[in-house]
Amino acid sequence: MLKSLLVVGLLGAVCFGREIHPKTWHPLSDQMINFINKINTTWKAGRNFDKSISMSYIRGLLGVNPKSKEYRLAEFVHEEIPDDLPESFDAREKWSHCESIHLIRDQSTCGSCWAFGAAEAISDRICIHSKGKIQVNISAEDLLECCHTCGDGCNGGDTAAAWEYWKENGLVSGGLYGTPDGCKPYSLAPCEHLTKSSLPNCTGSVPTPKCVHLCRKGYGKDYQNDKQFGKTVYSISKNEKQIQTEIFKNGPVEASLFV
Numbered sequence: 002m003l004k005s006l007l008v009v010g011l012l013g014a015v016c017f018g019r020e021i022h023p024k025t026w027h028p029l030s031d032q033m034i035n036f037i038n039k040i041n042t043t044w045k046a047g048r049n050f051d052k053s054i055s056m057s058y059i060r061g062l063l064g065v066n067p068k069s070k071e072y073r074l075a076e077f078v079h080e081e082i083p084d085d086l087p088e089s090f091d092a093r094e095k096w097s098h099c100e101s102i103h104l105i106r107d108q109s110t111c112g113s114c115w116a117f118g119a120a121e122a123i124s125d126r127i128c129i130h131s132k133g134k135i136q137v138n139i140s141a142e143d144l145l146e147c148c149h150t151c152g153d154g155c156n157g158g159d160t161a162a163a164w165e166y167w168k169e170n171g172l173v174s175g176g177l178y179g180t181p182d183g184c185k186p187y188s189l190a191p192c193e194h195l196t197k198s199s200l201p202n203c204t205g206s207v208p209t210p211k212c213v214h215l216c217r218k219g220y221g222k223d224y225q226n227d228k229q230f231g232k233t234v235y236s237i238s239k240n241e242k243q244i245q246t247e248i249f250k251n252g253p254v255e256a257s258l259f260v
């Protein structure tokens, strides 16, 4: 339903009347997984990372600045909620002509989910609201590198500031690492986050790339002329029906969880 925004959650406590786990347990241990599942809450814990992965690496992927919840865009309210909101909804089916909705990006070992979530949802909405006439992958690299008001790059950023930056400063195009897609494709190589594959394992963290107002060699278009700008940006309340209506009418959104 929503475009991918990587959010890693660690359960550190349980509610009233529940047994509290020993503080000596490692958050990624089988003991912790079994403990969480024994509580039988609304979700089931599983293994997303190898036991050997360090907690500093995990924290590095928590890319939304905790202070970002203090700053919100102006809230938009849908006055009319459709009576026929479906039980399930897939944006890839409703807007199948939009290539960006089908694209899955890899943020590497950079805490750039705040930039990825914005760049992906912006790409989708440009296609949706141009009725497919504009097919562009907005550059997460450009947002990550150059939005100095958004936070601290690979060490976390502000989702609301990312959308405001698109409106005020514009963002150039850019797709996946190693591709000739757009002005500024992602410069950080993908890595294996979960299982064994041909990709190298994700370890450690990487520094934020330096902001450069240039397109890649051979692109054939000036950096400034490649920019796309937003007309209006806004937030949606935490009301479930409001969020459903927004997605159903206007396309994918960016969301963050604080855990």
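In our numbering, the protein residues as written are 2 to 260.
We treat Cβ as the ideally placed atom computed from N, Cα and C, and that holds for glycine.
Within the same chain, show all residues whose beta-carbon is closer than 7 Å to that of residue i, passing over the 5 residues directly before and after it, in chain order.
i	result
C184	S140, V173, S174, G175, C216, R217, Y220, K222, Y224 and D227
P191	D107, S109, Y178 and L200
C147	C212
N138	S101, L104, S124, S174, G175, G176, D182 and G183
E255	L6, G118, A119, A122 and T160
T180	P186
Here's a check: name, in chain order, each residue in its chain whose Cβ is nearer than 8 Å to the Cβ of residue i, leaving out the five neighbours to either side.
i	result
D125	K4, A92, W96, C99, S101, I102, G252 and P253
G152	N66, S69, W115, G158, D159 and A162
Q243	V78, H79, I82 and I237
I129	W96, C99, N251 and G252
W167	A119, I123, I139, L144, Q229, F230, G231 and V234
H149	C212
Candidates the options: which alpha carbon is nearest residue i's?
i	options	result
E142	I54, A119, I129 and E169	A119
T209	G157, E76, K45 and F90	G157
A163	L144, T25 and T180	L144
P87	M33, D182 and F249	F249
S154	S113, N35 and E81	Position check: residue 154 holds Gly in this sequence, whereas Ser was assumed. If we check each option's Cα against that of G154, S113 comes out closest.
Q280	T150, Y58 and E121	Residue 280 lies beyond the range of the chain shown here (2 to 260); nothing can be said about it.
S55	C111, A116, T204 and T233	T204
F57	W167, K197, I237 and H27	It is Ser, not Phe, that sits at residue 57 in the sequence shown. Residue H27 is the option with its Cα nearest to S57.
L63	A116, N41, N38 and D31	A116
G231	H214, E169 and D182	E169
G171	N41, N240, I127 and S238	I127
V207	I105, C111 and T42	C111
T246	P181, D84, I129 and I34	D84
R73	E165, R48, Q32 and S89	E165
CB-CB under 6 Å to residue i, same chain, minus the five flanking residues each way: which ones, in chain order?
i	result
S257	V65 and T160
V8	Residue confidence for V8 is low, a pLDDT of 34 falling below 50, so the modelled location carries little weight and cannot support an answer.
H194	C203
H22	F36
D133	For the record, residue 133 in the displayed sequence is Gly; it is not Asp. So the list reads H98, once near-sequence residues are dropped.
K24	none
M2	Any reading at M2 needs caution, since the residue's pLDDT is 40, under 50, leaving its predicted position unreliable; the model's value is listed next. Around M2: F90.
H214	Y224
Q32	W26
How many whole angstroms separate the CB atoms of residue i and residue j, which I take to be in contact at a CB cut-off of 8 Å?
i	j	result
Y235	A75	5 Å
F50	I237	Not confirmed; about 31 Å, so no contact.
K45	S30	In fact, because the Cβ distance is near 16 Å, the residues do not count as touching under 8 Å.
N48	I34	Looking at the sequence provided, one finds Arg at residue 48 rather than Asn. So it is a contact: roughly 7 Å between Cβ atoms.
At 4 residues or longer, what runs of the alpha helix (DSSP H) sit wholly inside the region 125-194?
141-147 and 160-170
May I have a chain-ordered list of the alpha helix (DSSP H) segments no shorter than 4 residues that lie completely inside the region 48-105?
56-62 and 92-95
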